[in-house]
Amino acid sequence: MYRPRTAHPALFSLAPLLLALCVAPALFSAPPQGYYDSTVGLTGETLRLELHDIVDDHEKFPYTSSGTDTWDILGITEEDPANPANVITFYRNTSVSWFDQNTTDGWNREHTWPSSYGYTNNGSCNYPYSDVHQLRAASPSYNSARSNRPYDWCTSSSGCEVWPAEGTAFSNLSSGFASAGSWQAWEDRRGDAARAIFYMETRYEGGTHGVTGCAEPDLRVTDDRALIVSDVTQNLSIAYMGLRSVLLEWHLEDPVSAAEQQRNDDVFGFQGNRNPYIDHPEFVCLIWACPTSDVTPPSVPTGLSALARECQVDLDWTDNSETDLASYSIYRSTDPLGPFSLISTTSAVSTYTDISVAGAVQYHYQITATDISGNESAPSTSASAIPTTGQGCGAPPPDPGQVNLIISELMPNPFLVTDAFGEWLELFNRGTAAVDLDGWTIRDDDIDLHVIDAPGGLVIQPNEFMVLARNGDSSVNGGLVADYVYGGSFILANSIDEVVLLDLSQTEHTRVNYSAGTFPYQSGVSAEITDLLAPDVANPLLWVTTTTTYGLGDFGTPGNEGSATLPPPPSSGGPFIRGDANQDLSVDISDPIMLLEYLFGSGIPLTCPDSADGNDDGELNIADAVGILQFLFNNAGPLPAPYPDAGEDPTSDSLGC
């Protein structure tokens, strides 16, 4: 579901390629719901390490290459809104043509955390070098002037060199050299620079990349200039940048802007990770001691409403007006008098959908607002709602029914082949009817859509899998054997997307809303469901990372159950008499004998397994034979329905008849 922003003309000639490669960035007004849920209630180093786990192991794009690289991504993240063919430089604040790369009057790329402080040698395994969260477009002369000076106030007794921010009344100031020098960014760039540096400390914690195994440095922010050591000959395992106390001041002085949030969204669309200090500026002061005298909390949020829906409650409230607003916190209770427990925090967006609910239960909600200094308001007045029951929140498991298809595996981000060629998804038929998918639709919630065109029929039988792929050539798609090829009109985004299956009448049959932050797929590794009969197949907790290779060596199990257990064929719902294992319309000694023969003797399949399920527990075992015998000879009471007359199974199971 990559949603392209208006691309600058410099990329117009690349647009078809960008679309084909799924690299146009997504637009989001907030991080995906649940992205930061694991941080609720955390502070200090515990919070920073949890944020590291959230933003770690991002997808790397080359610094420079013939394909999509950091030049291309910066062309979008630094785009001049007044002239999409241009980028705006970070320090000089000029608008220059995207094509004028590495030219005197054009632009080059600035590492806000200088590469000589820890990761000087670029290469395929150097993740911080090409991390766009910290890269910015820069005028070459300003980039050179900044060099590797730490960020600090310029207080040199011999004077500071002035580097104006064009079109403003402000300037960048510099003095000294290398780690003994200082670079004072101009007013509207100070917070951006600070949050980029705090991101780098959080993202790079040493160790190795969880997918590629590449070694990564441990980057640390400090006030001790003696620790800030430049090395242009080798990458370092531990490296420092600063100055932390100054960056904390800059963070408070220059709050997150709409442009900075948009940039965070754009980078997320490529790399699959976010800068948490842009989404939640208050995290900075919860981790490091901010130098602030601000003890005034935001106003109490107003206008809270709660709308009940199936398996969820939608909350909405009036935006707070504070310029230093950082986030909202959502509290919930099942008692109108409380106590209310914190269930989530959001960025400064005044909506929230609570999906962690049970149907037919009344929930009461309150909202608080938190500013960038960590001051939290008093709670709002309460709003209440009772979500309706549905699959996954109080409704019974799905009846296998006649038509019951699910999405059982996804490969959004192949590694060994071009992304555009190697994407695929898998369907599973857990119903009783063979389904012809000709004319059905696969789509997302945005513009990606494909209507299946199979005039000769594309039939998925009960208890079978079907693989739908973007490319059918096994020599370029990773060695995949596809049952159907949908081509380039439907794209599986690497970071966040939806997959929806609709029938001829446009009735939705199954969907999975996935994101890199909640679903366990990785680069070159698919995600697959572990329970093929689960009521809520979209629950990310039911999905796991695939551990089996296919084709050229990416990980996936296209066309089979993988980590799941293949269920027996589902019930067709045909009439039967409970206990009548041999289907002779009566229950007698021959029925438990036939069941025991099936269990321990010949193993010849029963024509109606449901009828032999004497205790109606959905399984066939010796307890069923014992139950039928007790009914026949010990007056143990009637068998479960349907008995004594034939009928359909009143309970849902997968035995069949």
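In our numbering, the protein residues as written are 117 to 773. Note that beta-carbon positions come from the ideal geometry of N, C-alpha and C, so glycine has one too. In this text, all values refer to a predicted model and were calculated from it rather than measured experimentally.
- The alpha-carbon separation between D172 and V327 amounts to approximately 10 Å.
- Distance from G695 to I744 at the Cβ level is roughly 5 Å; contact confirmed, criterion being Cβ atoms closer than 8 Å.
- Cβ-Cβ distances below 7 Å link Q149 to T469 in the same chain, with the five nearest sequence neighbours on each side left out; the list follows chain order.
- Contact between the segment 596-603 and the segment 642-649 is absent, with fewer than three C-beta pairs closer than 8 Å.
- Counting C-beta atoms within 10 angstroms of its own C-beta, G672 has 16 or more neighbours from the protein chains shown and is therefore classed as buried.
- Look at Q478 here: in three-state DSSP terms it is coil, with no helix or strand label.
- Boundaries for F606: no alpha helix (DSSP H) harbours it, and the DSSP string shows neither H nor E there.
- Counting C-beta pairs with one atom in each stretch, the segment 237-251 and the segment 175-188 have three or more that are closer than 8 Å, which means they touch.
- Contact between the segment 364-380 and the segment 228-237 is absent: fewer than 3 CB-CB pairs across the two stretches fall below 8 Å.
- Taking the Cα of H625 as reference, the smallest distance to any Cα among D589, L543 and L736 is reached at L543.
- In this chain, the alpha helix (DSSP H) harbouring L167 covers G160 to V171.
- Here A198 carries a coil assignment [DSSP, helix/strand/coil].
- The three-state secondary structure of H396, taken from DSSP, is coil.
- Within the same chain, and ignoring the five residues on either side of S498 in sequence, the residues whose Cβ sits closer than 7 Å to its Cβ are P452, H480, Y481 and Q482.
- Sorting A310, P147, M582 and G322 by C-alpha distance to the C-alpha of R390 places P147 at the top.
- For L617, the uninterrupted beta strand (DSSP E) run begins and ends at I612 to L618, by DSSP.
- Per the coordinates, the alpha-carbon of T219 lies some 28 Å from the alpha-carbon of C241.
- Where I738 is concerned, the enclosing alpha helix (DSSP H) starts and stops at I738 to F749.
- With fewer than 16 other CB atoms across the displayed protein chains lying within 10 angstroms of its CB, F749 is exposed.
- Following the DSSP letters along the chain, one finds W366 inside the alpha helix (DSSP H) bounded by residues R360 to E369.
- Contact between the segment 654-662 and the segment 550-561 is absent: fewer than three C-beta pairs spanning the two stretches fall below 8 Å.
- For Y315, there is no enclosing beta strand (DSSP E); the residue is found in the alpha helix (DSSP H) stretching over R306 to R319.
- Judged by DSSP secondary structure, D470 falls within the beta strand (DSSP E) whose first and last residues are T467 to D470.
- In this structure, the beta-carbon distance from E438 to P414 falls below 8 Å.
- Taken through DSSP and simplified to helix, strand or coil, I576 comes out as strand.
- Comparing alpha carbon positions, the residue from Q350, N288 and M357 closest to T318 is M357.
- Ranked by Cα distance from P578, the first of P197, S770, D560 and T284 is S770.
- Checking the DSSP bridge columns, you'll see P280 partnered with S287.
- No Cβ-Cβ contact shorter than 8 Å links H396 with T467.
- Contact between T723 and Q699 holds, with the beta-carbon distance rounding to 6 Å and staying under 8 Å.
- Counting along the chain, L715 sits inside the alpha helix (DSSP H) bounded by residues S706 to F716.
- In this structure A281 touches S287 by the C-beta definition: roughly 6 Å separates them, less than 8 Å.
- Around the beta carbon of T681, fewer than 16 other beta carbons lie within 10 angstroms, which makes this residue exposed.
- For T193, no beta strand (DSSP E) segment is defined; the enclosing uninterrupted segment is the alpha helix (DSSP H) at T186 to T193.
- Of the residues assessed, A355 falls on the buried side of the cut-off, its CB having 16 or more other CB atoms within 10 angstroms.
- The segment 417-428 makes contact with the segment 499-506; the number of CB pairs closer than 8 Å reaches 3 or more.
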